[in-house]
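Each step along the sequence shown adds one to the number in our numbering, with nothing skipped, and position 58 is 316.
Even for Gly, the Cβ is constructed at its ideal location relative to N, Cα and C.
It should be emphasised that the depicted structure is a prediction, and the values quoted were computed from it without experimental measurement.
Structure first, then comments.
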Amino acid sequence: LAPRCGKMPELTLENFNLLCLKADARDRMGMFCQYAARVVMGLVSLAAPTSGSRLFRLEELSRAIWTNLSAARRTQRWCKELPVLQGLPGSLALA
């Protein structure tokens, strides 16, 4: 599949820094890491690890990462809907 936006930028520290300046990009990176942790949790649970094993510890850590990223992403989205909410009175007046 061809990329939708044209040529993919080089993976450099400068480009990564530019990416991190955008709130939506930070949210998407957090989402990617959150769901990667969720995949690890699911795959480890298939192995049915015993308490105290390395797999059990991996599941605990991935669950903690998943939970913390979920909370962090939720707080980063605060007030994102304000522009939409501001337009509601005008939309209701038209109806």
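As the crow flies, the alpha-carbon of Glu-268 is around 30 Å from that of Arg-332.
Straight-line spacing of the CA atoms in Glu-318 and Asn-273 works out to 33 Å. Proximity to Trp-324 across Leu-343, Val-297, Gly-348, Phe-314 peaks at Val-297, based on C-alpha coordinates.
Contact between Cys-291 and Leu-327 is confirmed by a C-beta separation of about 6 Å, below the 8 Å threshold.
The continuous alpha helix (DSSP H) containing Pro-341 extends over residues 340–344. Distance from the CA of Tyr-293 to the CA of Leu-301, rounded to the nearest whole angstrom, comes to 12 Å. For Met-287, the uninterrupted alpha helix (DSSP H) segment begins and ends at 281–304.
When the beta-carbon positions are compared, Ala-322 and Gly-288 stay at least 9 Å from each other.
Across the structure, Ala-283 and Thr-270 are spaced so that their CA atoms are roughly 16 Å apart. Exposed is the label assigned to Ser-311, since fewer than 16 other Cβ atoms lie within 10 Å of its Cβ.
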